[in-house]
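Colleague:
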Amino acid sequence: MKTFGYAAQDAASPLAPFHFERKDAGPQDVVIDILYCGVCHSDIHQARNEWNNSNYPMVPGHEIVGKVSFVGSEVQKFRVGDLGGIGCMLDSCRECANCKDGEEQFCEKGATFTYNGFYADGSPTYGGYSKQIVVHQDFALKISEKLDLAATAPLLCAGITTYSPLHHWKVGPGQRVGVVGLGGLGHMGLKFAHALGAHVTQFTTSPGKEADARRLGADEVVNTRVEGALENLAPFDFILDTVAAPHDINALLRLLRRDGTLALVGVPEVPLSLESFAVVSGRRSVSGSLIGGIRETQEMLDFCAEKGIVSDIELIPVQKINEAYERTIKSDVKYRFVIDMNTL
Ligand code: NAP
Ligand code: ZN
Ligand code: ZN
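With numbering that gives the first Met the number 0, the residue at position 201 of the sequence shown is 200, and numbering never jumps.
#1: Measure from the alpha carbon of A217 to the alpha carbon of each residue in T203, L189, N231 and T204, then state which is nearest.
#2: With 16 other CB atoms within 10 Å as the buried threshold, where does P208 fall?
#3: Just to confirm the assignment: which complete alpha helix (DSSP H) runs, minimum length 4, are found wholly within the segment 144–179?
#4: From this set, S41, Y35, F19 and K22, which residue's C-alpha is nearest I312's C-alpha?
#5: In whole angstroms, what separates the C-alpha of F202 from that of D258?
#6: For the candidate residues F19, Y114, Q104 and C156, whose alpha-carbon lies nearest to that of G84?
#7: T296 to P153, Cα distance in whole Å?
#8: Taking C-alpha atoms, which residue in R21, V38 and K1 lies nearest to M340?
#9: With three or more beta-carbon pairs closer than 8 Å as the criterion, would you say the segment 74–91 touches the segment 105–123?
#10: Provide the residue(s) that pair with R335 in DSSP beta bridges, ordered along the chain.
#11: As a quick exercise: from S41, T2 and R21, pick the residue whose alpha carbon is nearest that of Y324.
#12: How many Å lie between V225 and V199 at the Cα?
#13: CB T260 to CB S286, shorter than 8 Å?
#14: According to DSSP, simplified to helix, strand and coil, what is L273?
#15: For ligand 1, is there any heavy atom lying closer than 7 Å to the beta carbon of G180?
#16: What residues match up with P16 in a beta bridge as DSSP calls it?
#17: Quick one, which of I33, H135 and G185 has its alpha-carbon nearest F77's?
#18: Below 6 Å CB to CB, which residues in the same chain sit around K169 once its five sequence neighbours on both sides are set aside?
#19: Using CA coordinates, which residue listed in K130, V64 and E107 is at the minimum distance from L383?
#20: Below 8 Å between beta carbons: does that hold for V220 and A228?
#21: Does the beta-carbon distance from I142 to I63 come in below 8 Å?
#22: Flag this pair as touching only if the segment 143–151 and the segment 97–117 have three or more C-beta atom pairs under 8 Å; answer yes or no.
#23: Can you list, in chain order, the residues of its chain whose CB lies under 6 Å from that of P59, leaving out five sequence neighbours each side?
#24: Would you report the Cα separation of A277 and V178, rounded to the nearest angstrom?
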């Protein structure tokens, strides 16, 4: 199937228009005409090879919503004209223990990631900064007609990546939760932690985001760049760290109560340093979480439809993608760029 989009040709060049071939839809596949695609910081890390695992040409984008325009002969889940969503995965082995547990993101054979990945036959995957995409029906998500569609797109990565750890670590009423970094992931983590009934403290390096943080559900806001700001805070049960750049996790760990957990979802390009005393004192844990499985992603989308939760977005034409990358790196986005794919 011939289609086109925006691609990085190497780690240094700006993204530019790109015509390419996708695999044809099989009997279990659906084709989605993409309407909106969110811009995740992972797109930037990978387009610029900051994780040293990039394949080019690369069409980024894994926060995809659109309309189903074709269904294969064996597809039951969708009809032409339905809304459909795709997150970070197009497929997985379905057979390993993790897949069977609905944790396809940890597939032992490696999930087929939506871009910068490979199908079982070795051909590359291309993501959502494009007109159309093909996906197995089992990895396409049902999207509610009730929510603003452009603002729904970021739920497919920023949403599930923050929802999943909050559930895994059973965040709820009576708990003190910290969210670190108010960007695409952070603002969704804040909304979810608040919706789950926790007392939420938003940690930020941007003084200008305080009022927004309160509007989004923060009970307290702490500017980590202010001298002494982390002193005398009441102990936290759980901290969700969404920061995309190198930063001090030891200062955050010391805020945890005994047996508390800091879960990393941010993936800075360089390793973080861990002070042993910050974890041995208080038997604290550092953990991490990667997106979420398909079943949990659908659960999160249904939860959002029920509660009216979407992302706060800035809608951009695809021609502004390189500018959007620069602004995201400067933490200057409120709070997720979403590409209007009609502009392609
Ligand atoms: P983003 O929109 O750029 O948000 C990151 C936020 O981190 C910024 O808005 C900023 O918030 C804060 N920050 C930036 N530089 C900082 C620094 N030097 N020190 C402290 N805080 C800083 O990025 P995103 O799309 O939310 O993604 C965040 C990270 O998660 C990226 O590394 C991305 O690759 C990763 N990610 C992981 C998964 C997963 O499955 N684990 C999924 C998606 C994304 P303030 O202005 O409030 O300080
Ligand atoms: Zn992402
Ligand atoms: Zn598997």
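Ideal placement from N, C-alpha and C gives every residue a C-beta, glycine not left out.
Modeller: The relevant details are as follows:
#1: L189
#2: In the sequence on display, residue 208 carries Lys and not Pro. By the neighbour-count rule (16 or more Cβ atoms within 10 Å), K208 is buried.
#3: 148–151 and 157–167
#4: I312 has its Cα closest to that of Y35, out of S41, Y35, F19 and K22.
#5: One C-alpha to the other measures close to 21 Å.
#6: C156
#7: 12 Å
#8: V38
#9: yes
#10: Per DSSP, I312.
#11: Out of S41, T2 and R21, S41 has the C-alpha closest to the C-alpha of Y324.
#12: 19 Å
#13: yes
#14: In this structure, L273 counts as coil in the three-state DSSP scheme.
#15: yes
#16: Y5
#17: H135
#18: none
#19: Since the first residue shown for the chain is 0 and the last is 343, residue 383 is missing from the structure and cannot be characterised.
#20: Against a cut-off of 8 Å, the Cβ pair of A228 and V220 comes out as no contact.
#21: No, the Cβ-Cβ distance between I142 and I63 is not below 8 Å.
#22: no
#23: Correct list, in chain order: D42, A46, Y114, G126 and Y128.
#24: Approximately 18 Å between the Cα atoms of the pair.
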